[in-house]
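Input: a single structure, listed below in structure tokens.
Chains as they are written, first to last, in this note's numbering: chain Y, 1 to 141; chain F, 142 to 321.
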């Protein structure tokens with residue numbers, strides 16, 4: 001008798017539409033809540049792992065960046081000292097040696113700066129959000 | 142609004158009698174662990190339970206019996222706790238009142254508003270609704286189980302979770318059993 005026209009006329013008046021059968025799962029509020037809590041725990045685990053990974057990554061990058069900066073500063077300071085010593089006549093090199101030295105230090109510093117910018121600060125990634133989105137889609141299926 | 146098929150001759154049923162009938166139904170269907178699944182019980186009784194859109198938003202559910210064919214409709218928009226209670230309430234009509242063909246159309250006020258007073262002095266239809274409510278409470282929150290869990294953890298919120306009912310429903314139940 002699940003069709004509307006099979007209901008008595010007195011009742012038909014108040015029924016606009018008969019939908020799907022009610023299932024046990026549909027009325028299990030606590031079950032749904034537990035499901036949500038389980039999914040939330042799942043997402044929290046992913047986010048915590050991602051956060052830990054990010055923290056470790058950041059520490060490592062910071063350490064590399066610090067050492068590269070020290071190396072760059074050393075290079076520049078060293079080059080300036082040598083430059084001053086040459087200017088004062090305390091050191092003497094052939095013209096092409098001095099030019100090559102200055103150019104090579106400049107190239108080294110530029111390469112280190114490129115290294116820092118390109119590999120230590122890559123474009124931000126949404127991988128974790130993609131992952132959560134993938135889980136969400138999977139849950140909905 | 143057709144409320145009851147047979148409003149005359151509605152016997153007065155004491156709370157303990159309603160409790161006992163609900164207990165018998167659960168025992169007969171071997172539903173001994175909480176939370177009780179009223180949909181499973183209805184289906185085992187051969188009752189089809191469907192969602193429905195009603196023309197009146199105050200309607201929460203109905204049960205229609207024609208011969209062996211029994212259909213229960215619950216408001217599609219109601220939250221799960223309310224649907225559970227509505228189904229249990231309609232099962233109350235099924236087991237207590239629908240001894241022959243008939244139908245019960247229930248409004249929100251029939252189920253979720255407490256009416257105080259002596260049941261003996263009420264109109265037959267109101268008496269039936271109160272009996273169906275008592276049956277629903279006894280079905281979803283069997284007395285023995287409520288008492289047992291209350292001894293272990295006397296918290297309405299905890300018990301509501303265990304029995305899969307709203308805090309309000311558990312609050313009424315605990316109060317009516319004189320536990321709080």
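A virtual CB, placed ideally from N, CA and C, is assigned to each residue, including glycine.
- Unbroken alpha helix (DSSP H) runs of no fewer than 4 residues, entirely contained in the segment 227-298 of chain F, are found at 249-253, 265-281, 284-293, following chain order.
- In the displayed model, residue 27 of chain Y falls within coil according to three-state DSSP, outside both helix and strand.
- The C-beta of residue 295 of chain F has fewer than 16 other C-beta atoms within 10 Å across all chains shown, which makes the residue exposed.
- Of Y/6, Y/89, Y/95, Y/70, the smallest CA-CA separation from residue 112 of chain Y is found for Y/70.
- Across the structure, residue 169 of chain F and residue 134 of chain Y are spaced so that their CA atoms are roughly 46 Å apart.
- In the three-state scheme derived from DSSP, where H, G and I count as helix and E and B as strand, residue 183 of chain F is classed as helix.
- Close to residue 200 of chain F, with beta-carbon spacing below 8 Å, are these residues of chain Y in chain order: 14.
- In terms of Cβ geometry, residue 238 of chain F and residue 277 of chain F do not form a close pair [threshold 8 Å].
- When Cβ-Cβ separations below 8 Å define contact, residue 17 of chain Y makes contact with chain F.
- In this structure, residue 79 of chain Y and residue 105 of chain Y form a Cβ contact; the two beta carbons are roughly 4 Å apart against a cut-off of 8 Å.
- Within the model, the alpha-carbon separation for residue 164 of chain F versus residue 184 of chain F is close to 18 Å.
- Leaving aside the five residues that flank residue 217 of chain F on each side, the residues in its chain whose CB is nearer than 7 Å to its CB run, in chain order, 192, 193, 194.
- Rounded to whole angstroms, the Cβ separation of residue 300 of chain F and residue 14 of chain Y is 35 Å, and the two are not in contact under 8 Å.
- Closest in alpha carbon position to residue 157 of chain F, among F/245, F/272, F/227, is F/272.
- Within the segment 181-220 of chain F, the runs of beta strand (DSSP E) that reach at least 3 residues and sit entirely inside it are, in chain order, 188-195, 200-207, 210-216.
- Contact note: residue 178 of chain F reaches chain Y through 24, using a C-beta cutoff of 7 Å and chain order.
- A straight-line Cα-Cα distance of about 15 Å links residue 220 of chain F and residue 21 of chain Y.
- Taking a Cβ-Cβ cut-off of 7 Å, the neighbours of residue 27 of chain Y in chain F comprise 180, 221, 224, 225, given in sequence order.
- Taking a Cβ-Cβ cut-off of 8 Å, the neighbours of residue 30 of chain Y in chain F comprise 176, 302, 305, given in sequence order.
- Spatial neighbours of residue 207 of chain F in its own chain (CB-CB distance under 7 Å, excluding positions within 5 residues in sequence) are listed in chain order as 242.
- Per the coordinates, the alpha-carbon of residue 120 of chain Y lies some 40 Å from the alpha-carbon of residue 90 of chain Y.
- Contact of residue 247 of chain F with chain Y is not assigned, every C-beta pair being separated by 8 Å or more.
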